[in-house]
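Novice:
In my numbering, the protein residues as written are 16 to 98.
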């Protein structure tokens, strides 16, 4: 039996190929290119992907998504049991 580490682990930033295993290429490309200063160029995509209302666009959004995805991927790759 493997026991989970006692403290949080730092997630790896997921790469494009990892993220597109779970999301469409269009969505990941959108996340990679949208920024607060170019938001007006992406109004259709923002509606399509439900971004902008309760999920605002912010500087570093793609990097945040990489870390969030990497954390989820890393967690699923770990086979841990709590004792």
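Positions of the beta carbon are idealized from the N, C-alpha and C atoms, including for glycine.
As the structure is a prediction and not an experimental result, all values here were calculated from the model.
Go through its chain and collect everything with a Cβ distance to residue 67's Cβ below 6 Å, but skip five positions before and after it.
Specialist: Here residue 67 refers to the residue found at position 52 when the chain shown is read from its first residue. Once the five neighbours on either side are set aside, the close Cβ partners of residue 67 are 61.
Novice: In the structure shown, what three-state DSSP assignment does residue 39 receive?
Specialist: The residue labelled residue 39 in the question sits at position 24 within the chain shown. Looking at residue 39 - three-state DSSP - the assignment turns out to be coil, as it is neither helix nor strand.
Novice: Among 81, 24, 89, which one has its Cα closest to the Cα of residue 46?
Specialist: On the chain shown, residue 46 is found 31 positions in, with the first residue counted as 1. With respect to the C-alpha of residue 46, the residue from 81, 24, 89 having the closest C-alpha is 81.
Novice: Within a Cβ cutoff of 8 Å, which residues of the same chain sit near residue 42, ignoring the five residues on either side of it in sequence?
Specialist: Walking along the chain shown from the start, residue 42 turns up at place 27. Here the set comprises 64.
Novice: Can you tell which of 90, 91, 85 has its C-alpha closest to the C-alpha of residue 33?
Specialist: Locating residue 33 in the chain shown gives position 18, counting from the first residue. Nearest C-alpha to residue 33: 85.
Novice: Would you mind sorting residue 77 into buried or exposed? The rule is 16 or more other CB atoms within 10 Å of its CB.
Specialist: Your numbering for residue 77 matches position 62 in the chain shown. It is buried - the Cβ of residue 77 has at least 16 other Cβ atoms within 10 Å.
Novice: Distance, Cα to Cα, residue 31 vs residue 87?
Specialist: Translated into positions along the chain shown, residue 31 becomes position 16. Translated into positions along the chain shown, residue 87 becomes position 72. Looking at the two C-alpha atoms, the distance is approximately 14 Å.
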